[in-house]
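Let me begin by presenting the structure, written as structure tokens, before commenting on it.
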Amino acid sequence: MTRESVPQQIVPQEAVIREAQTREDFWKVLVVRGIVFMEEQKIGWAEEIDQHEDSCTHFLGEVDGQPVVVGRLRALPGGEWKLERVAVRRAWRGQGLARRMVQAMLAAAAERGAKRLRLHAQVYLADFYASFGFRTEGGIFQECGIDHVLMIREGSP
């Protein structure tokens, strides 16, 4: 099997999605982000790894101990939270793992008292995030050479 090959069908419930707790968990998060954002989307290391890493809550989803889906939640001033760095490895896409990851992140934001949520969605994912109640605000902008839109969700998740 290659690094991105996977058995025919993974049942999304088999994935364990949780907050990253250990240094090893954080390295697994970085592995997925490296594969998805740096290898596939050609985002540079300096853009992908930023000054917020230590102050964010990182989320990790694994199947049989293998990291397959990640995300990061960051507190902003005024009770606002930002969903960031949601990524699913190619072989595991289309199986509901991103949806489960976003649900876990929204639940964590609610537990932390989020009043408003925001994210920068790659344009092709705007409908996906809209299904969670996010709405597009403003026009398309470039982030790391990729078209994005700002999306906002008011109220507690």
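Residue numbering for the sequence shown follows the numbering used here, beginning at 176 and increasing consecutively.
Just so you know, even glycine gets a beta-carbon here, dropped at the ideal spot from N, CA and C.
- Between the alpha carbons of M326 and E255 lies a gap of roughly 13 Å.
- Counting only residues of its own chain and dropping the five nearest sequence neighbours on each side, R275 has a CB closer than 8 Å to the CB of P187, A190, I192, G236, V244.
- Between A305 and T311, the alpha-carbon positions lie close to 8 Å from each other.
- Unbroken alpha helix (DSSP H) runs of no fewer than 4 residues, entirely contained in the segment 211-285, are found at 220-223, following chain order.
- Membership of E199 in the alpha helix (DSSP H) is indicated by the continuous run 198-208.
- Distances from the CA of S230 to each of E223, R247, E222, Q216 were compared; the closest alpha carbon is that of R247.
- It is roughly 17 Å from the alpha-carbon of V238 to the alpha-carbon of V211.
- Contact check for L292 and A301: beta-carbon distance about 15 Å, past the 8 Å limit, so the pair fails to qualify.
- Going by DSSP, A301 is part of the alpha helix (DSSP H) stretching over 301-305.
- P242 counts as buried, since at least 16 other C-beta atoms from the protein chains shown sit within 10 angstroms of its C-beta.
- If you compare the alpha carbons of F309, E259, G209, E214 with that of H227, the shortest gap goes to E259.
- Non-local C-beta neighbours of Q216 in its own chain, meaning closer than 8 Å and more than five positions away in sequence, comprise C319, I321, ordered along the chain.
- Of the residues Q196, V206, Q317, the one whose Cα lies closest to the Cα of V261 is V206.
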